[in-house]
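Have a look at the structure below, then the notes.
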Amino acid sequence: MSQVTQAQTDRLAAAFARTKGRAALIPYITAGDPSPQATVPLMHALVAAGADVIELGVPFSDPMADGPVVQRATQRAIEKGVGMRHVFDMVQAFRESDKTTPVVLMGYANPVERYGQLEFARKAREVGVDGVLVVDYPPEEMLEFARYLDDVDVAPIFLLAPTSTDARIQKVAEIARGYVYYVSLKGVTGAATIDLSEVEQRVQAIRRHVSIPIGVGFGIRDAQSAQRVGQVCDAVIIGSKLIETMEEAVAQANGHEADQAAVKAAGAWLAGIRQALG
Numbered sequence: 000m001s002q003v004t005q006a007q008t009d010r011l012a013a014a015f016a017r018t019k020g021r022a023a024l025i026p027y028i029t030a031g032d033p034s035p036q037a038t039v040p041l042m043h044a045l046v047a048a049g050a051d052v053i054e055l056g057v058p059f060s061d062p063m064a065d066g067p068v069v070q071r072a073t074q075r076a077i078e079k080g081v082g083m084r085h086v087f088d089m090v091q092a093f094r095e096s097d098k099t100t101p102v103v104l105m106g107y108a109n110p111v112e113r114y115g116q117l118e119f120a121r122k123a124r125e126v127g128v129d130g131v132l133v134v135d136y137p138p139e140e141m142l143e144f145a146r147y148l149d150d151v152d153v154a155p156i157f158l159l160a161p162t163s164t165d166a167r168i169q170k171v172a173e174i175a176r177g178y179v180y181y182v183s184l185k186g187v188t189g190a191a192t193i194d195l196s197e198v199e200q201r202v203q204a205i206r207r208h209v210s211i212p213i214g215v216g217f218g219i220r221d222a223q224s225a226q227r228v229g230q231v232c233d234a235v236i237i238g239s240k241l242i243e244t245m246e247e248a249v250a251q252a253n254g255h256e257a258d259q260a261a262v263k264a265a266g267a268w269l270a271g272i273r274q275a276l277g
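With numbering that gives the first Met the number 0, the residue at position 98 of the sequence shown is 97, and numbering never jumps.
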């Protein structure tokens with residue numbers, strides 16, 4: 000195993016080990032939003048604010064699992080011309096000064112297949128990606144791509160939903176590495192309020208099959224909900240509210256140093272979430 004792949008093997012496991020019992024904090028942002036120039040500084044700001052892992056969204060024109068907030072972010076990135084090649088460039092630039100924080104690419108099958116699954120996996124390894132979550136790849140259709148990712152030591156990460164059966168959870172458990180992402184409610188990202196008791200029951204059910212960390216996302220909007228969810232899982236994943244926070248900062252900046260305003264607001268907001276997790 001090369002030094003590069005060894006480092007990638009270690010980064011996700013090391014990130015969860017560093018949390019020492021608290022839930023890891025995983026913010027989601029869309030690559031290229033609020034601007035392509037802001038993405039790498041934003042990633043560093045999120046790490047400074049306490050992010051343990053960063054989920055970096057790959058812009059796609061039909062993000063069917065995402066609600067209106069993430070859709071707006073995706074649309075802004077697409078309008079600025081951000082594609083797969085730019086996303087890889089951003090990760091590579093981030094890695095120039097951060098060799099520690101894991102980066103997980105989250106997106107849809109179309110950009111991966113357009114790039115080529117094998118080429119995508121090799122490029123992901125080359126630039127320092129640690130995990131890949133393709134929303135619309137069910138495990139049954141992921142086997143070959145997961146093997147490509149395994150070969151370069153990049154973790155295949157999967158979503159599980161409230162409707163996932165034991166058989167589906169078991170299938171995911173056979174392939175997934177790094178962590179699994181439990182969608183805490185039915186619907187799209189940022190859609191509703193979480194039922195914590197239901198989340199706890201489902202996480203316990205997933206743990207019967209899955210030995211890697213379980214992250215929970217969708218519907219976590221503030222420090223209180225993050226703290227409550229963090230008590231029953233291994234990672235709290237936050238996207239929509241973080242993007243809304245940046246949108247508000249950009250609107251208030253009214254075109255004047257909007258990127259800096261967004262980065263500053265995102266870091267300040269996420270630091271509050273991190274503090275609530277203990």
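C-beta: ideal position from N, C-alpha, C; glycine also.
Bear in mind that the values here come from a model prediction, so they are computed numbers and not experimental data.
Nearest-angstrom beta carbon gap, residue j and residue i [assumed within contact, 8 Å]
i: Ser-183; j: Val-134; result: Contact doesn't hold; Cβ gap of about 15 Å is too wide.
i: Leu-195; j: Gly-229; result: In fact, because the Cβ distance is near 11 Å, the residues do not count as touching under 8 Å.
i: Asp-233; j: Ala-13; result: Rounded, the Cβ-Cβ distance is 14 Å, inconsistent with contact.
i: Val-81; j: Pro-58; result: 5 Å
i: Pro-33; j: Val-198; result: About 31 Å; that fails the 8 Å criterion.
i: Val-179; j: Ile-211; result: 7 Å
i: Gly-177; j: Asp-129; result: 7 Å
i: Leu-148; j: Pro-155; result: 5 Å
i: Asp-97; j: Val-46; result: 6 Å
i: Glu-54; j: Val-111; result: Rounded, the Cβ-Cβ distance is 16 Å, inconsistent with contact.
i: Ala-76; j: Gly-106; result: That pair is no contact at about 11 Å.
i: Gly-258; j: Ala-37; result: The amino acid occupying residue 258 in the given sequence is Asp; Gly does not appear at that position. With 8 Å as the limit, Asp-258 and Ala-37 qualify as a contact, their Cβ atoms being about 4 Å apart.
First and last residue of the uninterrupted alpha helix (DSSP H) at residue i
i: Gly-266; result: 257 to 275
i: Gly-229; result: 222 to 229
i: Tyr-284; result: The shown model of the chain, from 0 to 277, leaves out residue 284, and the question about it has no answer.
i: Ala-234; result: Taken as a continuous stretch (DSSP letters only), Ala-234 belongs to no alpha helix (DSSP H), being part of the beta strand (DSSP E) at 234 to 237.
i: Val-202; result: 195 to 206
i: Ala-23; result: Here Ala-23 belongs to no alpha helix (DSSP H); instead the beta strand (DSSP E) covers 23 to 29.
i: Val-171; result: 165 to 174
Spatial neighbours of residue i in its chain, beta-carbon cut-off 6 Å, leaving aside the 5 residues before and after
i: Ser-1; result: Note that Ser-1 scores a pLDDT of 38, beneath 50, so its modelled location is shaky; the value from the coordinates is reported in the next line. Nothing listed; no residue qualifies.
i: Phe-93; result: Val-39 and Met-42
i: Ala-279; result: Outside the shown range of the chain, which is 0 to 277, sits residue 279, and nothing can be said about it.
i: Gly-115; result: none
i: His-208; result: Ile-168, Gln-169 and Ala-172
i: Phe-87; result: Lys-122 and Val-126
i: Phe-157; result: Val-171, Ala-175 and Val-179
i: Thr-73; result: Thr-29, Pro-58 and Pro-62
i: Ala-260; result: Ala-248 and Ala-252
i: Glu-140; result: none
i: Leu-117; result: Tyr-147
i: Phe-15; result: Ala-23 and Pro-212
i: Phe-144; result: Gln-116
Range covered by the beta strand (DSSP E) that runs through residue i
i: Met-278; result: The requested residue 278 does not occur in the structure, where the chain is confined to residues 0 to 277.
i: Val-317; result: Any question about residue 317 goes unanswered here, given that the chain covers just 0 to 277.
i: Pro-155; result: 154 to 156
i: Val-126; result: Taken as a continuous stretch (DSSP letters only), Val-126 belongs to no beta strand (DSSP E), being part of the alpha helix (DSSP H) at 116 to 126.
i: Ile-213; result: 213 to 216
i: Val-131; result: 130 to 133
i: Gly-106; result: 102 to 106
8 Å CB neighbourhood of residue i in its chain, flanking five on each side removed
i: Leu-241; result: Pro-26, Tyr-27, Ile-28, Ala-265, Trp-268 and Leu-269
i: Gln-274; result: Gly-49 and Ala-222
i: Gln-5; result: Residue placement at Gln-5 is flagged as unreliable, the pLDDT there being 46, under the threshold of 50; a coordinate-derived value is accordingly withheld.
i: Lys-263; result: Ala-44 and Ala-248
i: Arg-21; result: Gly-229, Leu-276 and Gly-277
i: Val-235; result: Ala-22, Ala-23, Leu-24, Ile-25, Gly-214, Val-215, Gly-216, Ile-219, Ala-225, Val-228, Gly-229, Ile-272 and Leu-276
i: Leu-142; result: Ile-174
i: Arg-10; result: Thr-99, Thr-100, Pro-101 and Asp-129
Contacts around residue i, its chain only, beta-carbon distance under 7 Å, and the 5 residues preceding and following it disregarded
i: Thr-18; result: Asp-51
i: Val-3; result: Bear in mind that the predicted position of Val-3 carries a pLDDT of just 42, short of 50, making it unreliable; the figure below should be weighed with that in mind. Cβ within range, chain order: Arg-124.
i: Arg-201; result: Pro-161 and Tyr-181
i: Arg-84; result: none
i: Ser-60; result: Ile-77
i: Pro-35; result: Lys-79, Val-81 and His-85
i: Thr-244; result: Ala-264, Ala-265 and Trp-268
Contact with chain B by residue i, beta-carbon distance below 7 Å
i: Pro-137; result: Structure shown: chain B not included; a single protein chain is present.
Inspect the CB distances between the region 112 to 124 and the region 63 to 72 and report whether three or more fall short of 8 Å. no
My parser needs the beta strand (DSSP E) runs of 3 or more residues fully inside the region 47 to 84; what are they? 53 to 56
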